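Protein chains in written order, with the numbering used here: chain A, 1 to 222; chain B, 223 to 577.
Idealized CB from N, CA, C, for every residue including glycine.
Since the structure is predicted, the reported quantities are computational estimates derived from the model, not experimental observations.
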Amino acid sequence: MIELSPILVTLKLATITTLILLLIGTPLAWWLSNTSSKSKVVIESIVALPLVLPPTVLGFYLLLALSPDGFIGHLWFYISDTPLSFSFSGLVIGSVIYSMPFVVQPLQASFDMVGKPLQQAANTLGANSFDTFKNIVLPLSKRGFLVAITLGFAHTIGEFGVVLMIGGNIPEVTQVLSIIIYDHVEVLEYTQAHYYSIGLLVFSFIVLLVTYSFNRKLMVRL
Amino acid sequence: MIEVNYKYKLNNFLLDVSFTMPENGITVLFGPSGSGKTSVLNLMSGLGNDKNKENNSKFILNDRVIDDSVNGLKLEPWFRNIAYVFQDHRLFPHMTTSQNILFGFNRCHSELKPEVLIEKFKIKELLGHYPEQLSGGQKQRVSMVRALLSQPDLLILDEPLASLDYTSRQELLPFIECIHKELDIPMIYVSHDIKEVLRLADYIIIMDKGKIVDQGDIADLCISQPLLTQQEGASFILDARVTKIIEEDKLVELDCGETILITAESMRLNDKIRVLIHARDVSLCLSPPQDSSILNCVPICIDEIQTDENGKLRVIAKIGEQTIVSLISHRSARQLNINKGKQMYAQFKATAMIK
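Below you can see the structure in the form of structure tokens.
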């Protein structure tokens, strides 16, 4: 039997994570694209870490940080009176860190592409920095945002290692698709594993297909 | 009064400029590439990189303080009201011509009427087009209208013609002259093309290696400044007054100390104009020829003879109170026995340029 709850938990996690990443990632990418500060490379490396680190390593340290004795977990408990480990909120924090490069890097690249010259032209025409960002940079970075949203969303759906380490496997709370597939395979329920897997495969393919074709249209217009 | 003082450390030299430019007309900033011309413009428009700036800047535009390092004042570019026409046009690619030209207009309380400039710059047909659909010359025209509609106190043009082919350049020059004649905006124009400089400049500032080498009225400098006189296209300027309009021949009669004829249209009687004449178009003779197609033949008095870099002689002579320059060969000079103080005649065609 297929259960609906892992699908809903997964979609909810990916949506919330993507939204948070857009909120954090946009100013971060903007800063990275504009700064000449020496700390730029350090921040860039930190953002890119999840690309190379085994998810278990990231998950392990997140587990420590999110636990009631850990820094984030302790703070969270102090504010909200609930533990962070093995909770949906903890999962969101982990996913945000894990999918960060997939959002920040495309945004940074597209901000770089818009470049200083057009912004300077807008400035001399009376547009301040925010005005310029809103009316010149944002519209010209549409493709970057599209790629960032797609990759951030799809990558969060596909995560496994970090979730396994910090999410536990609590049905209807932290049990996501990738985990339930693993569970079914472990107990040799290949049919159920197939349902989820083929669903995920088709879904991911369609998302990428739509993005790439839409992306091409955007490319022609710009 | 426009007063500009900047000290700024560039990668390989110190930019140290200080000048006052007239409040009307075109001031040309002239000099070899890498002499710091664009850096001056960027500092004036507020686009320069602050970190390198030495603690010495003062820029006053029509009694408005724009930069003053002593009092720690530095206006952001969007408060300066200085428009900039860039060499690479910098039109916004996601906006149509019409959206582009209204960008600055909508952000200032401009009293200008966009239709008037749209008409003048002949961009009506382009209003719905995106920049990628425009030719190089059209882009630059749109970018000039965009800058002008923000009703600037100063218009900066950084080699606006440099990236264009010869034909587009010739097409665009009249538009720049139109800004000059019909809108009362001071302009600072960067160029290293001597022909452009002579045609457009009223006042000229010559830069080299971050310093100002010479500055003054173009009529004086095109006689005395070697950087202008030693180049091909070396010219001189005569101040003149329209004394007669001969419509059937499309000529005007001018008084510049002597009476001369110039091809021109749409002139009014008593208009004060400046004519630009190429030194190589002027020939010298001992007596006025009887049967010549050349309309202008005026008495002159030789003032000075210089040897040109290219082996020619530059003969500088007085025509009334004004100065005329002729480029002739050594051989001609020997045959005519030209020397200082000699009374002669200068001949030139009526095809001089009106500035």
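Going by DSSP, what residue range makes up the beta strand (DSSP E) through L251/B? Position 29 of the second sequence, counting from 1, holds the residue named residue 251/B. L251/B -> beta strand (DSSP E) spans 248 to 252.
C400/B by DSSP, collapsed to three states: which one? If you number the second sequence from 1, residue 400/B lands on position 178. Here C400/B carries a helix assignment [DSSP, helix/strand/coil].
What residues are listed by DSSP as bridge partners for A305/B? Here residue 305/B is taken as the residue at index 83 of the second sequence, counted from 1. L377/B.
Please report the straight-line C-alpha distance between I166/A and S87/A, rounded to a whole angstrom. The count along the first sequence starts at 1 and reaches residue 166/A at position 166. The count along the first sequence starts at 1 and reaches residue 87/A at position 87. If you take the alpha carbons of I166/A and S87/A, they lie about 8 Å apart.
Residue ranges of each beta strand (DSSP E) run of no fewer than 3 residues wholly in the region 517 to 542 of chain B, ordered along the chain? 518 to 529, 535 to 541
Per-residue DSSP class, three states only, for F281/B: Position 59 of the second sequence holds residue 281/B. Strand, per DSSP.
Can you find a C-beta in chain A that's less than 8 Å from the C-beta of I323/B? Reading the second sequence from its first residue, position 101 is the one you call residue 323/B. Output row for I323/B: interface = no.
Interface residues of chain A facing L251/B [CB-CB closer than 9 Å]: Taking the first residue of the second sequence as 1, we reach residue 251/B at position 29. Correct list: empty, because the minimum Cβ distance to chain A is about 17 Å.
Strictly under 8 Å for the Cβ-Cβ distance: is D310/B near chain A by that measure? Within the second sequence, residue 310/B is the residue found at index 88, counting from 1. Closer than 8 Å to some Cβ of chain A, the Cβ of D310/B qualifies, so yes.
Pairs of beta-carbons, one from the region 94 to 109 of chain A and one from the region 21 to 28 of chain A, closer than 8 Å: are there three or more? In short, these stretches touch, since the Cβ pair count reaches three.
Just list the alpha helix (DSSP H) runs in the region 84 to 150 of chain A, keeping only unbroken ones of 4 residues or longer that don't cross its boundaries, in chain order. 88 to 124, 129 to 132
Local Cβ density within 10 Å of S551/B, reported as buried at 16 or more and exposed below that: Working through the second sequence from its first residue, we reach residue 551/B at position 329. Its Cβ having fewer than 16 others within 10 Å, S551/B is exposed.
Which of helix, strand or coil DSSP assigns to Q565/B: Here the question's residue 565/B lines up with position 343 in the second sequence. Q565/B: strand per DSSP, three-state reduction.
Between V202/A and V210/A, what straight-line distance do the alpha-carbon atoms span, to the nearest angstrom? One-based indexing of the first sequence puts residue 202/A at position 202. One-based indexing of the first sequence puts residue 210/A at position 210. One C-alpha to the other measures close to 12 Å.
Taking C-beta to C-beta, are G152/A and S99/A nearer than 8 Å? Indexing the first sequence from 1 puts residue 152/A at position 152. Indexing the first sequence from 1 puts residue 99/A at position 99. In contact: G152/A and S99/A (Cβ atoms closer than 8 Å).
When DSSP labels each residue in this structure, what does R490/B get in the three-state scheme? For the purposes of this step, residue 490/B is taken as the residue at position 268 of the second sequence. The three-state reading of DSSP puts R490/B in coil, since its state is none of H, G, I, E or B.
Just how far apart, CA to CA, sit V96/A and Q119/A? Residue 96/A sits at position 96 when you count from the first residue of the first sequence. Residue 119/A sits at position 119 when you count from the first residue of the first sequence. Their backbone Cα atoms lie some 30 Å apart in a straight line.
Would you verify that the beta carbon of L236/B is, or is not, closer than 8 Å to some beta carbon of chain A? Here residue 236/B is taken as the residue at index 14 of the second sequence, counted from 1. Chain A contact via Cβ: absent.
Run through DSSP, which three-state label would Q437/B get? For this step, residue 437/B is matched to residue 215 along the second sequence. Strand, per DSSP.
Please state the DSSP three-state secondary structure of T35/A. Position 35 of the first sequence holds residue 35/A. The answer is coil: DSSP assigns T35/A none of H, G, I, E or B.
For G533/B, return the contacting residues in chain A, with the cut-off set at a CB-CB distance below 9 Å. Numbered from 1 along the second sequence, position 311 holds the residue referred to as residue 533/B. Going along chain A, no residue has its Cβ under 9 Å from G533/B, so there is no contact; the nearest lies around 45 Å.
C-beta atoms of P396/B and L376/B nearer than 8 Å: Within the second sequence, residue 396/B is the residue found at index 174, counting from 1. Within the second sequence, residue 376/B is the residue found at index 154, counting from 1. Contact: no.
Ignore the nearest five residues each way along the sequence and tell me which others in I149/A's own chain have a CB closer than 8 Å to its CB. If you number the first sequence from 1, residue 149/A lands on position 149. If we look at I149/A and ignore the five residues flanking it on each side, its Cβ neighbours are T18, L22, V103.
Taking 8 Å as the CB-CB cut-off, is T124/A touching chain D? Within the model displayed, chain D is absent; protein chains A and B are what it includes.
Of the residues E186/A, Y212/A, E172/A, the one placed nearest E3/A, counting alpha carbons only: In the first sequence, residue 3/A corresponds to position 3, counting from 1. Nearest C-alpha to E3/A: E172/A.
Using the beta-carbon count (16 or more within 10 Å), is L584/B buried or exposed? The structure shown does not extend to residue 584/B, since chain B spans only 223 to 577, so no value can be given for it.
Using the C-alpha atoms, what's the distance from S257/B back to P511/B? Against the second sequence, residue 511/B aligns to sequence position 289. Against the second sequence, residue 257/B aligns to sequence position 35. So the two alpha carbons sit approximately 47 Å from each other.
For G563/B, which of A539/B, I459/B, Q544/B, Q569/B has the nearest alpha-carbon? On the second sequence, position 341 is the one that residue 563/B refers to. It is A539/B.
Spatial neighbours of G358/B in its chain, beta-carbon cut-off 7 Å, leaving aside the 5 residues before and after: Taking the second sequence and counting its residues from 1, one reaches residue 358/B at position 136. So the list reads S385, L386, S390, once near-sequence residues are dropped.
Three or more C-beta pairs under 8 Å: does that hold for the region 495 to 507 of chain B against the region 555 to 570 of chain B? yes
In the DSSP assignment, find the unbroken beta strand (DSSP E) run with A462/B in it and report its ends. In the second sequence, the residue the question calls residue 462/B occupies position 240. Boundaries of the beta strand (DSSP E) harbouring A462/B: 457 to 468, taken from the DSSP string.
Ordered along the chain, which non-local residues of its own chain (more than five positions away) have a Cβ less than 6 Å from that of I416/B? Within the second sequence, the letter at position 194 stands for residue 416/B. Result list for I416/B: Q453, G455, in chain order.
G136/A: contacting residues in chain B (beta-carbon distance under 7 Å): Taking the first residue of the first sequence as 1, we reach residue 136/A at position 136. In the sequence under discussion, the amino acid at residue 136/A is Ile, which differs from the Gly named in the question. What I136/A touches in chain B: F314.
With R286/B as the anchor, note down where its beta strand (DSSP E) starts and where it stops. For the purposes of this step, residue 286/B is identified with residue 64 of the second sequence, where counting begins at 1. Here the beta strand (DSSP E) through R286/B covers 286 to 290.
For R221/A, which of helix, strand or coil comes out of DSSP? In the first sequence, counting from the first residue as 1, residue 221/A sits at position 221. Any answer about R221/A is weak, because its pLDDT of 42 lies below 50 and its placement is not dependable; what the coordinates show is given next. Here R221/A sits in helix by DSSP.
Using C-beta distances below 8 Å, list every residue in its chain close to L146/A, excluding the 5 sequence neighbours before and after it, in chain order. The count along the first sequence starts at 1 and reaches residue 146/A at position 146. Here the set comprises T211, F214, N215, L218.
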